[in-house]
Amino acid sequence: MKKLLMGLTLTLALALALAGCGGETEEKTTVILDWTPNTNHTGLYVALENGYFEDEGLDVEIIQPMEGSSTTLVATGQGDFGVTYQEDVTYALTSEDPLPVTAIATIIQNNTSGFASRKTANIETVMDFEGKVYGGWGSPSEEAILNAIMTNAGAEYETLTNTNIGTDDFFAATEKEIDLVWIFEGWTGIEARLRGIELNYMPIKDLDDALNYYTPILVANNDTIKNNPEKVEAFLRAVEKGYLYSVENPEEAAAILLKYAPELEEELVVESQKFLADQYMMGADQWGVMKAEVWKDYADFLMDNGLLEKELDVDNAFTNEFLPK
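Structural data, given as structure tokens:
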């Protein structure tokens, strides 16, 4: 009996010791979002909820940026990884003082944003932008893109009124004087359908090949890449599993996102997740992989429009090195 009790005691002690070691080996990891939680981020929350990060020895915290862009926050060491955009990284790497970040994966393969208007505005082509009021956020690249696509279509950009809509969303803005807004089809486009509002929508990737850039993407701090490449690989293994789960199980993935962001409207999240399930890997053999020509074409577009201080070094802007083999 004593031997049995001693054996059970040793077994329990060993189990507790191993559990303690497991906890100690989990590496603290901070992921900074680009915005409030939405279906662009679902794979991250799935990886957290389903234990994929834990399986890789990572103790992950997903946070929203309080001040500044996620790119800047990751560059300054306030996070290991961040969700951002190809545009933001391009500016960050071509500024007078380049930021130490590198893109490590794209969340969605194609640009799912575009220009939307209520059907009643009768804006069916880029030529119809003439004389209309555009509601935007005042970005120089936004104005350059509008100018370029209108000029290429033979329309006069000077006839378009560009107004900053501040915190108004598409629906609030277009109930006022705004005719046209740049939206994400997988969120606002879905919401319009659920509200029964008919839209005229022009995908931006159809207006100029250079505009099919990656948005959103994941970036890493260069110190993390240099000093702890195993952590980057482990992170991406877990994240890939999260997004592949979201592709195969959109409704279950939506439920996980809603658990972490209960303030979101359930039907919108579910329908948006179904839409993005077909978009995450469209045209690619692997989730997250990026192409040099996509980075070069968009950087050339920005350079041609006088928006970059210097040319982008594409080879150092992104890497596929850490994606699961």
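Read in order, the letters of the sequence shown are residues -19 to -1, 1 to 306 in mature numbering (1 follows the signal peptide of the UniProt record, and there is no 0). We put the beta carbon where it would ideally sit given N, CA and C, even for glycine. Here the structure is a predicted model, which is why all the values come from computation and not from measurement.
Minimum Cβ-Cβ distance from residue i to chain D less than 8 Å
i, result
"P184", "Considering every chain present, this structure includes no chain D. It has just one protein chain."
For residue j and residue i, believed in contact at Cβ under 8 Å, the rounded distance
i, j, result
"G38", "E8", "6 Å"
"V114", "E158", "5 Å"
"L141", "F110", "5 Å"
"A129", "D189", "7 Å"
"E71", "Y279", "This sequence places Thr at residue 71; Glu is not what is there. The pair is a contact, with the Cβ atoms about 7 Å apart (cut-off 8 Å)."
"L239", "E247", "6 Å"
Proximity to residue i [Cα-Cα], best of the options
i, options, result
"P197", "A86, V41 and D40", "A86"
"V228", "E252, V107 and T142", "E252"
"F230", "L74, L249, G117 and Q254", "Looking at the sequence itself, residue 230 is Asn, so the reference to Phe does not match. Looking at the Cα atoms, Q254 is the closest of the given residues."
"T17", "N202, G287 and Y241", "Y241"
"I88", "S76, G24 and P79", "G24"
"D259", "T20, I13 and A129", "T20"
"G49", "T71, D78, E77 and D15", "D15"
"L249", "A235, M262 and D296", "A235"
"L304", "A84, G32 and T10", "A84"
"Y195", "T57, M262, E221 and K100", "M262"
"M108", "E139, E274, E179 and G58", "E139"
"I13", "G32, Q59 and T75", "Q59"
"G269", "A219, T205 and R176", "A219"
"A102", "E156, F216 and T65", "E156"
"T11", "E247, E292, F216 and A173", "F216"
"W276", "Q267, D266 and E292", "E292"
"F299", "L288, K272 and N145", "K272"
"T53", "L288, E274 and N203", "N203"
"N145", "N133, S120, A136 and E137", "S120"
Collapsed DSSP secondary structure at residue i in the structure displayed
i, result
"S98", "strand"
"E7", "coil"
"C2", "At C2 the pLDDT is 44, less than 50, meaning the model places this residue with poor confidence and gives no usable figure here."
"I164", "strand"
"V251", "helix"
"P305", "coil"
"T142", "strand"
"N202", "strand"
"N19", "coil"
"Y241", "helix"
"L289", "coil"
"L188", "coil"
"M263", "coil"
"Y182", "strand"
"V27", "helix"
"V270", "coil"
"I159", "coil"
"P197", "coil"
Beta-carbon gap between residue i and residue j smaller than 8 Å
i, j, result
"F165", "S94", "yes"
"residue 310", "V82", "Since the first and last residues shown for the chain are -19 and 306, residue 310 lies out of range."
"L161", "S98", "yes"
"N91", "G223", "no"
"F34", "V200", "no"
"A73", "N286", "no"
"F96", "I185", "yes"
"A191", "D281", "yes"
"E105", "N181", "yes"
"A112", "N143", "Checking the displayed sequence, the identity of residue 112 turns out to be Gly instead of Ala. Against a cut-off of 8 Å, the Cβ pair of N143 and G112 comes out as no contact."
"L257", "G147", "no"
"E30", "K100", "no"
"E77", "E290", "yes"
task = Would you mind listing the alpha helix (DSSP H) stretches within the stretch 31 to 116 that are 4+ residues and don't spill past its ends, in chain order?
result = Complete alpha helix (DSSP H) runs here, min 4: 33 to 36, 51 to 56 and 67 to 75.
TODO: List in chain order: all unbroken alpha helix (DSSP H) runs of 4+ residues lying wholly within the stretch 207 to 234.
DONE: The DSSP assignment places complete alpha helix (DSSP H) segments of no fewer than 4 residues inside the stretch 207 to 234 at 210 to 229, in order along the chain.
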